[in-house]
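Student:
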Amino acid sequence: MTTDGDGFDVVTGAFSYSGAAIASELRAAGRRVRTVTGHPGRVVQTPAGAGIEVRPLDFADPAALTEALRGARTLYNTYWVRFAHGHVDHPVAVARSRVLFQAAVEAGVQRIVHVSITNPSADSPYPYFRGKAAVEQALRDLRVSHAVLRPAILFGGNGVLINNIAWLLRHLPVFAVGGTGEYRIRPIHVDDLARLAVRAGGSATTETIDAVGPERPTFLELVRTIKAAVGSRSQVIRVPAALIPAAARLLGLALRDTLLTAEEYQGMADGLADTDGPATGETALSQWITDHEDTLGRVYANELTRHFR
Numbered sequence: 001m002t003t004d005g006d007g008f009d010v011v012t013g014a015f016s017y018s019g020a021a022i023a024s025e026l027r028a029a030g031r032r033v034r035t036v037t038g039h040p041g042r043v044v045q046t047p048a049g050a051g052i053e054v055r056p057l058d059f060a061d062p063a064a065l066t067e068a069l070r071g072a073r074t075l076y077n078t079y080w081v082r083f084a085h086g087h088v089d090h091p092v093a094v095a096r097s098r099v100l101f102q103a104a105v106e107a108g109v110q111r112i113v114h115v116s117i118t119n120p121s122a123d124s125p126y127p128y129f130r131g132k133a134a135v136e137q138a139l140r141d142l143r144v145s146h147a148v149l150r151p152a153i154l155f156g157g158n159g160v161l162i163n164n165i166a167w168l169l170r171h172l173p174v175f176a177v178g179g180t181g182e183y184r185i186r187p188i189h190v191d192d193l194a195r196l197a198v199r200a201g202g203s204a205t206t207e208t209i210d211a212v213g214p215e216r217p218t219f220l221e222l223v224r225t226i227k228a229a230v231g232s233r234s235q236v237i238r239v240p241a242a243l244i245p246a247a248a249r250l251l252g253l254a255l256r257d258t259l260l261t262a263e264e265y266q267g268m269a270d271g272l273a274d275t276d277g278p279a280t281g282e283t284a285l286s287q288w289i290t291d292h293e294d295t296l297g298r299v300y301a302n303e304l305t306r307h308f309r
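In this note's numbering, the protein residues as written are 1 to 309.
1) What number of angstroms, rounded off, separates the C-alpha of A247 from the C-alpha of V88?
2) Please report the straight-line C-alpha distance between E215 and V198, rounded to a whole angstrom.
3) Does D9 pass the burial test, meaning 16 or more other C-beta atoms within 10 Å, or should it be called exposed?
4) Got a sec, what are the start and stop residues for the beta strand (DSSP E) H114 sits in?
5) If you drop the 5 nearest sequence neighbours on each side, which residues of the same chain put their C-beta closer than 6 Å to that of D291?
6) Looking at T283: is its Cβ nearer than 8 Å to the Cβ of G213?
7) Whose CA, out of T275, V177, A262, G252, lies closest to the CA of T305?
8) Going along the chain, which residues of its own chain have a beta-carbon closer than 6 Å to the beta-carbon of N77, five neighbours each way excluded?
9) Would you check if the distance between the CB atom of L154 and the CB atom of P187 is smaller than 8 Å?
10) When you compare each of I209, P125, R298 to D192 by their alpha carbons, which one comes out closest?
11) Let me check understanding here. Comparing Cα to Cα, which of D257, R256, A229, A269 lies closest to L285?
12) Please name the residue in R184, S121, A14 whose C-alpha comes closest to that of T218.
13) Note down the Cα distance separating G157 from V190, rounded to an integer number of angstroms.
14) Can you tell which of N164, W167, H146 has the C-alpha that lies nearest to the C-alpha of E207?
15) Between which two residues does the alpha helix (DSSP H) carrying D141 extend?
16) Tell me the rounded alpha-carbon separation between R150 and A254.
17) Which one of I52, W288, Q235 has the shortest CA to CA distance from R27?
18) Run through the DSSP bridge pairs and tell me what Y79 is partnered with.
19) Determine the contact status of A357 and I237, defining contact as a CB-CB distance below 8 Å.
20) So the candidates are R140, Q102, L142, L168; which of them puts its Cα closest to the Cα of A68?
21) Could you spell out where the alpha helix (DSSP H) holding R184 opens and where it closes?
22) If I measure Cβ to Cβ from P40 and keep anything under 8 Å in the same chain, skipping five residues before and after, which residues do I get?
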């Protein structure tokens, strides 16, 4: 593990979800942390931000971005966009990632730890997964020491997906699962991801790691586990897969949020949130759900409010 004598580390979005967990893990290990963020004002709203240096994440000013990274040993990159919003879509996010990586190289950053996704592919029919593959390729092209972490679904902390499934089960009389519901997922706790990231940051090996937990429930099993934990009376039913994106859009309009995109559902149904490899995270999702049954889903987590409002 590195020490303060090695300078500091930079985390993109250290006041966001996975970025905050990585920053916290770094600080617990005695590292100084700087963040580059598109929301620099959040430092005054987030107690966890105390002691973290803040610089703007301005992709339109590569020189300033390079200076913000200068002196850092490791860059931990969590930057991405979940879905297209405004003028920012996945190709824009790929271009921005290239700017960030190039700035890191020019600043003399020794190592990059990049958070990607399970099963990225340049041939994927889904822009999200194609974009993730393009970012990984951009990192490889730079020939800098790096590690790529590939999580599927994150849980824990103030995560959105598991919480919002619980919220829907608490509030809706019917919960629809698309198709058979037998497609599997490999969730990892956000703190386990952070530990993997910091461990990779302290290594010199260029590697790609599936960041996945010890359990592989089907989506239907996941929903039933959450339903039992929160005491929901909602009826869980299977519906044709084609109905899920439309139903998600309608619910999203009611909640003023993007609940689930068609691409996210289709990717999960295609098995892209699953891997066959060994677990690299330790926290079991089923036990975590049981441990948080009293609070899970009590408050809806609005993605658009968190990131854009």
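All C-beta atoms in this analysis are idealised placements derived from N, C-alpha and C, irrespective of residue type, glycine included.
Tutor: Taking the definition as stated:
1) Rounded to the nearest angstrom, the two C-alpha atoms are 25 Å apart.
2) Between E215 and V198, the C-alpha separation is close to 23 Å.
3) By the neighbour-count rule (16 or more Cβ atoms within 10 Å), D9 is buried.
4) Per DSSP, H114 belongs to the beta strand (DSSP E) from 111-115.
5) Same-chain partners within the cutoff: there are none.
6) It is a contact, given that the beta carbons lie within the stated cut-off.
7) When each option's Cα is compared against that of T305, the closest is G252.
8) Excluding residues up to 5 positions away in sequence, T12, H114 lie with their Cβ nearer than 6 Å to the Cβ of N77 in the same chain.
9) Cβ atoms of L154 and P187: closer than 8 Å.
10) Cα-wise, what sits closest to D192 is I209.
11) Closest in alpha carbon position to L285, among D257, R256, A229, A269, is A229.
12) Of the candidates R184, S121, A14, the residue whose Cα lies closest to the Cα of T218 is R184.
13) Answer to the nearest angstrom: the Cα atoms are 7 Å apart.
14) For the residues N164, W167, H146, the minimum Cα distance to E207 belongs to H146.
15) Unbroken alpha helix (DSSP H) run through D141: 127-141.
16) Spanning the two alpha carbons is a distance of roughly 32 Å.
17) Of the candidates I52, W288, Q235, the one whose C-alpha sits nearest the C-alpha of R27 is I52.
18) Beta-bridge pairing links Y79 to no other residue.
19) Nothing in the structure corresponds to residue 357, since the chain is present only between 1 and 309.
20) When R140, Q102, L142, L168 are compared, the shortest CA-CA separation from A68 is found for Q102.
21) Taken as a continuous stretch (DSSP letters only), R184 belongs to no alpha helix (DSSP H), as it is neither H nor E.
22) Within the same chain, P40 has close Cβ partners V54, R55, P56.
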